[in-house]
Amino acid sequence: MSTKILRKILQDKKVVGEEHLKTVMESVLDEYDLLREVFDRGRTGHIIVDKQNWKICLLNRSLSKMIPLQQTSFKEGKSLLDVVKDPDVRKYLKRISAGEESLESRDFSFGEGEIKTIRVSFTPFMLSDTEYLDICFEDITEMLKKEMKLRNTEALASMTTMAAGVAHDIKNPLAAMRIYISLLRKAVSSGRGLDKAEEFLDVLDQETERLNEIAVDFLFAVKPIDINLKLDRINDVLNELSDFIAVEALQKNIRIEMHLEPFLPSIMLDSKLLRRAFLNIVNNSFYAMGAGGVLVLESRTDGDFVRVSISDNGCGMTEEQQKKIFEPYFTTKSEGGTGLGLTAVLKIMNAHGADIEFDSKVGSGTVFTFKFPIPPSERKAIGTKEE
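My numbering puts the sequence shown at residues 46 to 432.
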């Protein structure tokens, strides 16, 4: 109800108790004016519409700072689509009003040079048996800038850590190479001990390969991932992984158990990258189990996801270790570990849109679980089969 109508009521002297009514009505008007001023001065733009006909019931002045509006936009009672000037926002709201899209927030960018980003969100509510919709317009430009600055700071910190890790990792191979080059030079110059030359060259070859591994792992960690997703069966990846690690498992006295759900829906995956990620987990499990144990590979459906688990009964991890396992260059291996294995796993899973969970107890073992989203087409196929 507008202030004009309320003031008209105050002028109506037919009501008994005029002075008391006047006091009450003035109080109501003052409160309304105060709330309206707060509403108009807020940093968020609002359009409140009747959800049945999408006519504007209320809007605030801050709205004009959020999105481009028609000149007559502040006249309430107009259609929402007649008020919004920007074609992209109008098209989006039109689809919302027609029920072609759900009430989910969306971001839009405006301006030339200095670009601002506006987030549109929706809050439905009921009042006096009428359903209304509060369409909220929030300027998130500064928030996005802060998030970007934070990401850049984190990326710089991560790169600094990784660079320090690379420097630390290459010291040992370089030191060994320097020693054996010196020994090789002495053997050649003296003409004695040439029978040792082949041994020296073998060591140099090993250390060169080690340097190459460090470089390859580092480049994979910092470069954008090259992923080729296609609809495929994850059980095939797990079976291939089992075959690949079978000989090493036998040598280490480790038994492999497979619990694969036979009719899993296909998911979008890059089999090459997933094998690499799973192999990194398996290598950690083999190291944790030492002289022997049991490695379990499991797959099953879990609602709209395919769940894959890799578990071992090895030494497990402490709480402090669990906090750091995805940090670059953190490793519990005394030798042979770059500390980038789980960083690569995390990167590969993010590229697949998969979630990672893990649970570990000292002396009991560790289980890593990966949740892959099932594509909508495969969900429909599952529903058809169930029917």
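C-beta: ideal position from N, C-alpha, C; glycine also.
Remember, predicted model here, so these are calculated numbers, not experimental data.
For Asn257, count the other beta carbons within 10 Å of its own beta carbon; 16 or more makes it buried, fewer makes it exposed. Which is it? exposed
With a CB to CB cut of under 6 Å and the five nearest residues on each side skipped, what residues in its chain are close to Thr168? Asp179
In or out: Thr68 buried (at least 16 other Cβ within 10 Å) or exposed? exposed
Would you check if there are 3 or more beta carbon pairs closer than 8 Å linking the region 279-288 to the region 305-320? yes
Give every residue of the same chain whose Cβ lies closer than 8 Å to the Cβ of Thr94, excluding the five residues on either side of it in the sequence, and list them in chain order. Contrary to the premise, residue 94 reads as Val rather than Thr in this sequence. So the qualifying residues of the chain are Lys100, Ile101, Cys102, Leu125, Tyr177, Leu178 and Ile180.
DSSP-derived helix/strand/coil call for Arg88: coil
At least one CB of chain B closer than 9 Å to the CB of Gly359: is that the case? Within the model displayed, chain B is absent; a lone protein chain is all it includes.
Taking only runs that begin and end inside the region 217-301, name each unbroken alpha helix (DSSP H) of 4 or more residues, in chain order. 242-267 and 279-296
Would Ser344 pass as a contact of Leu387 if the rule is Cβ separation under 9 Å? no
Identified DSSP bridge partners for His397: Beta-bridge pairing links His397 to no other residue.
By the three-class DSSP mapping on this structure, what secondary structure does Leu189 have? helix
In the DSSP assignment, find the beta strand (DSSP E) that holds Lys130 and state where it starts and stops. Lys130 -> no beta strand (DSSP E), and no H or E assigned at all.
With burial defined as no fewer than 16 other Cβ atoms inside 10 Å of the residue's Cβ, what is the status of Phe413: buried or exposed? buried
Considering only residues of the same chain and omitting the five flanking positions on each side of Ile112, which have a CB-CB separation below 8 Å? Gly90, Val129, Lys130, Asp131, Val134, Phe153, Phe155, Ile163 and Phe182
Tell me which residue opens and which closes the beta strand (DSSP E) that Met434 is part of. Shown here, the chain extends from 46 to 432; a query on residue 434 therefore has no answer.
Between Ile301 and Ala220, what straight-line distance do the alpha-carbon atoms span, to the nearest angstrom? 39 Å
Using the rule of at least 16 other Cβ atoms within 10 Å of the residue's Cβ for burial, across every protein chain shown, is Lys392 buried or exposed? buried
Does DSSP put Pro421 in a helix, a strand or coil? helix
For Ile272, tell me which candidate among Lys406, Met188, Lys123 and His397 has the shortest Cα-Cα distance. His397
Helix, strand or coil, according to DSSP, for Lys416 in the structure here? strand
Inter-residue spacing [alpha-carbon to alpha-carbon] between Glu423 and Leu195: 38 Å
Status (buried if at least 16 other CB within 10 Å, exposed otherwise) for Asn298: exposed
Just to confirm the assignment, what range does the alpha helix (DSSP H) spanning Lys368 have? Glu364 to Lys369
Assuming Lys161 is part of the beta strand (DSSP E), what are its boundary residues? Lys161 to Leu172
Apart from the five residues on each side of it in sequence, which residues of its chain come closer than 8 Å, Cβ to Cβ, to Leu114? Leu108, Val128, Val129 and Lys130
Go ahead and pull the three-state DSSP assignment for Arg345. strand
From the DSSP output, which residues share a beta bridge with Thr411? Asp357 and Ser405
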